[in-house]
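Novice: First the structure, which I've put down as structure tokens, then a few questions once you've had a look.
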Amino acid sequence: MNKKRNPMDAKLKLTKGGQKSLSNCFTFERFSFSRHINIDLTAAEVGVLVVFGVKQKDDDEDQISTLTPESSFVFSHLSIPKIAGGNQNQSCLLIRINVQCLQRMLSTIKYSPLGNRQFYEALNSFAMPSCRETNILLSSLDLYSKLPTLESSEVLFESKLLELLWLLNLKAKTNFDRFVSPFLIPKRSFLDAVINKYYKENLSVEQLAGLAGFSVSTFKRKFDEAYKCSPKRWIQEKRLNEAKTLLEFSDRSISEIGYEVGFENISHFIQSFKTKFGITPKALKESFLQKRQSLDQYSIAS
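Count along the sequence shown from 1, then add 44; that gives the number in this note's numbering.
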């Protein structure tokens, strides 16, 4: 079994490049990579990853495709999909935007979603090859990221980000709607996003709180208010319910299903499953199998 990646370690993969902060709204990092990069973000921030001078193939689902040779960028929340580089170092600029700052900027440009916001299934990220307008804009962001951290550079930086938001609203309306809708609809979006993304990972409450952008005490309090139980209890219930579904509709083994939903100890998985459902995973799987066989025989007879 492969050792699971700890999302909190991803930031260590950023190579050689400085990090600058402009108040509490923006942080940007310049770095390069030659093989691949995978970046995680907290729920309290949105990432804009600008990749300069890259063109990728379309035949790998794990890579972002159809990027122009000049530059491209990714808007992302929680994590940025893996990007593979070429034979030489790819130059990157990672901009981390505080979510509250993003909400403020969206209100500044009087952003209004297309149609019914509730209709969209939210996107955690979307990639966009750079066009003529965005190429000029991204070059400006690259330039301003090299300026000293002064009040004037923050104003310039935010003005260019506002322009980028406006262009996205114009040129990628549907994807942009799907991406920003969770930030515009009042709900427990940060908690939902983090817990549903990482419930299969072996993470501590401290790590989950960090990914959600809260202190441990605040995370526990908000979680209890939203779900009426502890994070540990919620994760266990989520894993077991998913395992039950997989037992019914999947042909995978008991061990494979246990690992799939996040259990690292199969004996613990079996005991927890029996405690919750009053039956072992094996017995339930056999029961589902018998029902399917009976239905198949009935269909043939009919």
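By construction, the Cβ of each residue, glycine as well, lies at the ideal position given by its N, Cα and C atoms.
Excluding the 5 residues flanking Tyr188 on each side, which residues of the same chain have their C-beta closer than 7 Å to its C-beta?
Specialist: So the qualifying residues of the chain are Ser197, Leu200, Phe201, Lys204.
Novice: Spatial neighbours of Ala253 within its chain, please: C-beta separation below 7 Å, excluding the five flanking residues on both sides.
Specialist: The residues are Ser259, Val260, Phe263.
Novice: In the DSSP output, which residue or residues are listed as bridge partners for Glu207?
Specialist: Paired residue(s): none; Glu207 is not in a bridge.
Novice: Between Leu191 and chain C, is there a C-beta pair that is closer than 7 Å?
Specialist: Included in the structure is just one protein chain, with no chain C present.
Novice: The beta strand (DSSP E) spanning Asn142 covers which residue range?
Specialist: Here the beta strand (DSSP E) through Asn142 covers 134-142.
Novice: Hey, would you say Tyr303 sits closer than 7 Å to Ile279, going by beta carbons?
Specialist: Their beta carbons are not under 7 Å apart, which means Tyr303 does not touch Ile279 by this criterion.
Novice: Is it buried or exposed, Lys217, if we count other Cβ atoms within 10 angstroms and call 16 or more buried?
Specialist: Classification of Lys217: exposed, given that the 10 Å Cβ count is below 16.
Novice: Check whether the Cβ atoms of Ile139 and Phe72 lie closer than 7 Å to each other.
Specialist: Result yes, Cβ atoms of Ile139 and Phe72 sit closer than 7 Å.
Novice: What would DSSP say about Leu295, mapped onto helix, strand or coil?
Specialist: The amino acid occupying residue 295 in the given sequence is Asp; Leu does not appear at that position. Here Asp295 sits in coil by DSSP.
Novice: Helix or strand or just coil, what does DSSP make of Thr324?
Specialist: Thr324: coil per DSSP, three-state reduction.
Novice: Tell me the DSSP secondary structure of Ile153 in three-state form.
Specialist: Coil, per DSSP.
Novice: Using a 10 Å radius around the Cβ and a threshold of 16 neighbouring Cβ atoms, would you call Arg296 buried or exposed?
Specialist: Arg296 is exposed by the Cβ-count criterion.
Novice: Just to confirm the assignment, what range does the beta strand (DSSP E) spanning Glu89 have?
Specialist: First-last of the beta strand (DSSP E) with Glu89: 89-96.
Novice: Note down, in chain order, each residue of its chain lying with its Cβ closer than 6 Å to the Cβ of Leu212, except the 5 sequence neighbours on either side.
Specialist: So the qualifying residues of the chain are Phe220.
Novice: Let me know if Lys329 comes out buried or exposed under the rule of 16 or more other beta-carbons within 10 Å of its beta-carbon.
Specialist: The residue in question, Lys329, is buried, as its Cβ has 16 or more Cβ neighbours within 10 Å.
Novice: Kindly indicate which residue of Val305, Phe170, Gly91 has the alpha-carbon position closest to the one of Phe70.
Specialist: The residue with the shortest Cα to Cα distance from Phe70 is Gly91.
Novice: Run through the DSSP bridge pairs and tell me what Pro173 is partnered with.
Specialist: Its beta-bridge partners are Ser116.
Novice: Whose CA, out of Ile124, Glu89, Val224, lies closest to the CA of Ser151?
Specialist: Checking every option, the nearest Cα to that of Ser151 belongs to Val224.
Novice: Do you know how far the Cα of Ala270 is from the Cα of Leu182?
Specialist: Rounded to the nearest angstrom, the two C-alpha atoms are 39 Å apart.
Novice: With Ala171 and Val94 assumed to form a contact (beta carbons below 8 Å), what rounded beta-carbon distance in angstroms separates them?
Specialist: Not confirmed; about 11 Å, so no contact.
Novice: Taking the continuous alpha helix (DSSP H) assigned at Glu269, which residues delimit it?
Specialist: Per DSSP, Glu269 belongs to the alpha helix (DSSP H) from 260-271.
Novice: What do you get for Thr319, buried or exposed, if any count of 16 or more other CB atoms within 10 angstroms of its CB means buried?
Specialist: It is exposed - the Cβ of Thr319 has fewer than 16 other Cβ atoms within 10 Å.
Novice: Measuring straight from C-alpha to C-alpha, what distance separates Gly306 and Glu286?
Specialist: Cα-Cα distance, rounded: 10 Å.
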